[in-house]
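Scroll down for the structure; my scribbles are underneath it.
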Amino acid sequence: MPEEILVKTPINATMLVWLGTIAMVLSGLSCRRQAAHAVTLQWHASEGAQHYNIYRSSQPGMRGEKIGTSTEPFYRDSGVSGGTTYYYTVTAVNAGKESGSSNEIKAVVPP
4 MPEEILVKTP INATMLVWLG TIAMVLSGLS CRRQAAHAVT LQWHASEGAQ HYNIYRSSQP
64 GMRGEKIGTS TEPFYRDSGV SGGTTYYYTV TAVNAGKESG SSNEIKAVVP P
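Residues in the sequence shown are numbered consecutively from 4, following the working numbering.
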């Protein structure tokens, strides 16, 4: 009896994986309140955002360091010094993807 050889033909397959929607760029960032030792920020919520990253810099036009996260469209930064000017931006995060930065705002903390 002859030996049988099984030949397998390669199959090309495509797998689609739903990664969710990347959060949109935020808008409406503003400073709601400034106190001697705190700055309160607020912004328009981004639909589908799981949380927001808050960034602070001492120079305009720089993203600065991430100082915190929030699941709501507001944040209280209590790590500020009186008599200092800070610049803030916020991003939205969804499915591990981060949006572009919001508008930048300037906050002058009273002495």
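Cβ coordinates follow ideal geometry from the N, Cα and C atoms, glycine included.
Unbroken beta strand (DSSP E) run spanning Glu68, endpoints:
Translated into positions along the sequence shown, residue 68 becomes position 65. That run of the beta strand (DSSP E) goes 68-73.
Please report how far the alpha carbon of Gly85 lies from the alpha carbon of Ser61, in whole angstroms.
By 1-based counting over the sequence shown, the position of residue 85 is 82. By 1-based counting over the sequence shown, the position of residue 61 is 58. Distance between the alpha carbons of Gly85 and Ser61 is about 13 Å.
Determine the DSSP secondary structure at Met18, reduced to helix, strand or coil.
Stepping through the sequence shown from its first residue, residue 18 is reached at position 15. Confidence at Met18 is low in this model, with a pLDDT of 47, below 50, so its placement is unreliable and no value can be given for it.
Taking all protein chains shown into account, do 16 or more other C-beta atoms lie within 10 angstroms of the C-beta of Arg36, making it buried, or fewer, making it exposed?
Indexing the sequence shown from 1 puts residue 36 at position 33. By the 10 Å Cβ count, Arg36 comes out exposed.
When DSSP labels each residue in this structure, what does Leu29 get in the three-state scheme?
Stepping through the sequence shown from its first residue, residue 29 is reached at position 26. Annotated three-state conformation of Leu29 is coil, per DSSP.
Below 7 Å CB to CB, which residues in the same chain sit around Leu19 once its five sequence neighbours on both sides are set aside?
Residue mapping note: residue 19 aligns to position 16 of the sequence shown, counting from 1. Its pLDDT being 43, under 50, Leu19 is placed unreliably by the model, and nothing is read from it.
Which two residues bound the contiguous beta strand (DSSP E) that contains Ala48?
By 1-based counting over the sequence shown, the position of residue 48 is 45. For Ala48, no beta strand (DSSP E) run applies, since DSSP gives it neither H nor E.
So Val96 is in the beta strand (DSSP E); what residue range does that whole segment cover?
Residue mapping note: residue 96 aligns to position 93 of the sequence shown, counting from 1. Val96 -> beta strand (DSSP E) spans 88-97.
Selected residue, minimal CA-CA separation from Ala41, among Ile57, Gly103, Asp80, Tyr91
The count along the sequence shown starts at 1 and reaches residue 41 at position 38. Taking only the C-alpha atoms, the option nearest Ala41 is Asp80.
Quick check: what's the CA-CA separation for Ser30 versus His47?
Walking along the sequence shown from the start, residue 30 turns up at place 27. Walking along the sequence shown from the start, residue 47 turns up at place 44. So the two alpha carbons sit approximately 6 Å from each other.
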